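Visitor:
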Amino acid sequence: MSENVYTYLKFVRYRELENWSVSHILGMNMGFNEMYPMISIGNVIERSANAINIEDDISYKQITLKTNGGGAVLRDVKQGKSIGTKKQFVVSAGQFIMSKIDARNGAFGVVGTDLDGAVVTADFPVFDVVKDKVTPEYLALISSTAPFVRFAQSCSRGTTNRQRIDVGLFLSQKIPLPTIDEQRKLVSAFNNKISQSEVLEKQAAQVEQDIEDYLLSELGIKQKGYTQAEPAATIASEPQVEYVVSNRQLEYRADTYHWGDEIKKEYKYLKFVRFKDVERWDVSFFSQKNTIIGNYDTISMSKCIDSFMQDQQGNTLRIETSKYPETTYQYIGMENIEKETGELLEERIVKGSDIKSQTVRVPKSFFLYGKLRPYLNKYWYNESDSENIVCSSEFFVFSIKNNINPYYFKYYLASSAVQQQITNAFRGARMPRINEDTFKSIEIPLPPIDIQNSIVEHINKQKEQIKQLRQQAVNLRKEALVEFEKEIFE
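When you read off a place in the sequence shown, starting at 1, and then add 21, the result is the number in my numbering.
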């Protein structure tokens, strides 16, 4: 007799029915294989509730959980007086922790030794692990798998952006439970792949540093740094001492004698400049203005720029996308560019009606440079043929002159040579920015074009090496998870 196959019906034993939630019932079967006995999560972990009241004069470590199995990490260290929720819970190393809100996005982890004694709110349930049944690492690993995350989504309740996991349903889910030795072997095999991946990532980071060293060495910039230029005003780095000039001191001095020369002999922290050379009065500008000493003459950014916030025909690049509500744009915000690398993190395609802030067009062969939080060093060079790329008004948008290799310019933008010139020119405490004058005053070493091309060729090879190393690292991480999932899923 043939067996009926029900494509659209799902059956469950009544005695195994924990609740009437359809989404939970559909999520219960995660496809675990039958190699290992199944046991409810609630039988291998126990809720911990080590509650405390936050005291104003004590510092506390705070935890956050990364999504997609990223685990528990330190978020901040704060004085109690700066923490709003006064009832919190202390965590201990080795405990299992989850985020009620982001469990549906894989926010599970194990508390590391560096987080021992940290505090969390009630939105982060903490559990002691029954260590003779399960290792914390195995539990964290199984909770990072895609089927488990889908199950966590089926246990979540509430509106889309503030869904919280039903902890009771979570604890009722059964998982495969190998012996402790088998768990350790599975975790060890996974960690070996991850360790290999981390080695490759470190190698890639070293090549990044090699690029910086090579560039500054070729330009003759010593020790990645700068010598102090003569300041534009008098600054004292320690309390000034009143300097009294007596008549006797004046007796043998000519009328044109500069007493500053005498003071310099005694007070090495005083810096002098003629009043006619004073351009600004802020301390940071006077005390930190740097100049580049290297193998080649430098020119200011303003002399490198061909068009600034205008296209090649002199038309403004500013655009009100709201006037073109149905037009599709690629929008680049500050968050869409990776810091320090000049790489786009994503291609965000939106309609004009979806962009609420001011925007600037980005023609082909134009550069972006972030003026908001410039210490993040967010820049980008547009090599795309797309005509509808726009960016946030928090970027300077400009093109450079034809006698400069754009890739040489791009690599120089990424260097510490630029950062050290603008570090002390930020304005604003909460949202620091650099202004147009500061940006245009950045000094750029300009070797002959053949030297620029040679530098670019060398760095391009290093960039390709970095790309390969990072891709290998990504592949190893994927392999680690795939091999683990093969052991526990059908």
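Backbone N, C-alpha and C fix where the C-beta goes; we use that ideal spot for every residue, glycine too. None of these values were measured; they are calculated from a predicted model.
#1: Would you call proline 157 buried or exposed, if buried means 16 or more other Cβ atoms sit within 10 Å of its Cβ?
#2: Among the candidates Met119, Ala114 and Tyr81, whose CA atom is the shortest distance from the CA of serine 103?
#3: Just how far apart, CA to CA, sit glutamine 309 and glutamine 486?
#4: Please report the distance separating the alpha-carbon of glutamine 441 from that of leucine 221.
#5: Sorted by chain position, which residues of the same chain lie with C-beta nearer than 8 Å to glutamate 347's C-beta, five sequence neighbours on each side aside?
#6: Rank Thr200, Gln116 and Asn403 by C-alpha distance to the C-alpha of methionine 56 and give the top, closest one.
#7: Could you check where the alpha helix (DSSP H) with leucine 365 kicks off and where it finishes?
#8: What does alanine 225 pair with, by DSSP beta-bridge criteria?
#9: What are the start and end residues of the beta strand (DSSP E) that includes leucine 95?
#10: Does DSSP put alanine 72 in a helix, in a strand, or in coil?
#11: Is it true that the CB of leucine 467 sits closer than 8 Å to the CB of aspartate 327?
#12: Looking only at its chain, what residues have a beta carbon closer than 8 Å to the beta carbon of valine 208, apart from the 5 residues adjacent to it on each side?
#13: Nearest-angstrom Cα distance between histidine 479 and asparagine 403?
#14: Compare the beta carbon distance of valine 150 and valine 141 with 8 Å and say whether it is the shorter of the two.
#15: Out of Gln489, Tyr428, Leu397 and Glu76, which one is the CA nearest neighbour of glutamate 415?
#16: Please list, in chain order, all residues of the same chain as alanine 501 whose beta carbon is under 6 Å from its beta carbon, the five residues on each side excluded.
#17: In the DSSP assignment, what are the bridge partners of leucine 86?
#18: Can you tell me whether glutamine 492 is buried or exposed? The criterion is at least 16 other CB atoms within 10 Å of its CB, across all chains shown.
#19: Using alpha carbons as the reference points, say which of Val381, Phe387, Ile425 and Lys488 lies closest to glutamine 543.
#20: Is aspartate 327 helix, strand or coil by DSSP?
#21: To the nearest angstrom, how far is it from the Cα of asparagine 64 to the Cα of glutamate 359?
#22: Using C-beta distances below 6 Å, list every residue in its chain close to glutamine 379, excluding the 5 sequence neighbours before and after it, in chain order.
#23: Going by C-alpha distance, which of Ala72, Lys152 and Val381 is nearest asparagine 409?
#24: Is leucine 434 helix, strand or coil by DSSP?
#25: Measuring straight from C-alpha to C-alpha, what distance separates lysine 108 and cysteine 176?
#26: For the stretch 150 to 187, which segments carrying the alpha helix (DSSP H) assignment without a break, of at least 4 residues, lie completely within its bounds, in sequence order?
#27: Among residues of its own chain, excluding the 5 on either side of aspartate 332, which ones have a beta-carbon nearer than 8 Å to its beta-carbon?
#28: Starting from the C-beta of histidine 279, find all residues in its chain whose C-beta is less than 8 Å away, skip the five residues before and the five after it, and write them out in chain order.
#29: Can you tell me the Cα-Cα spacing of isoleucine 118 and glutamate 506, whole angstroms?
Guide: From the atom records:
#1: When all chains shown are included, proline 157 counts as buried.
#2: Tyr81
#3: In this prediction, glutamine 309 scores a pLDDT of 48, lower than 50, which makes its location untrustworthy; the coordinate-derived value is nonetheless stated afterwards. Using only the alpha carbons, I get a separation of about 36 Å.
#4: 29 Å
#5: Lys372, Gly373 and Ser374
#6: For methionine 56, the closest of Thr200, Gln116 and Asn403 by C-alpha to C-alpha distance is Thr200.
#7: Taken as a continuous stretch (DSSP letters only), leucine 365 belongs to no alpha helix (DSSP H), as it is neither H nor E.
#8: Residue pairing of alanine 225 in beta bridges, as defined by DSSP: absent, with no partner found.
#9: 92 to 100
#10: strand
#11: Leucine 467 sits away from aspartate 327, with the two beta carbons spaced by 8 Å or more.
#12: Hits under 8 Å: Thr156, Glu158, Tyr159 and Leu162.
#13: 21 Å
#14: Judged by their CB atoms, valine 150 and valine 141 are not nearer to each other than the 8 Å cut-off.
#15: Checking every option, the nearest Cα to that of glutamate 415 belongs to Leu397.
#16: Phe211, Lys214 and Ile215
#17: Its beta-bridge partners are Ala93.
#18: exposed
#19: The shown model of the chain, from 22 to 511, leaves out residue 543, and the question about it has no answer.
#20: Secondary structure at aspartate 327: strand, using DSSP grouped into helix, strand and coil.
#21: 43 Å
#22: These residues qualify, in order along the chain: Ser414.
#23: Val381
#24: helix
#25: 26 Å
#26: 157 to 163 and 167 to 175
#27: Leu338, Arg382 and Pro384
#28: Residue placement at histidine 279 is flagged as unreliable, the pLDDT there being 47, under the threshold of 50; the coordinate-derived value follows with that caveat. Cβ within range, chain order: n/a, list empty.
#29: In a straight line, the C-alpha of isoleucine 118 is about 22 Å away from that of glutamate 506.
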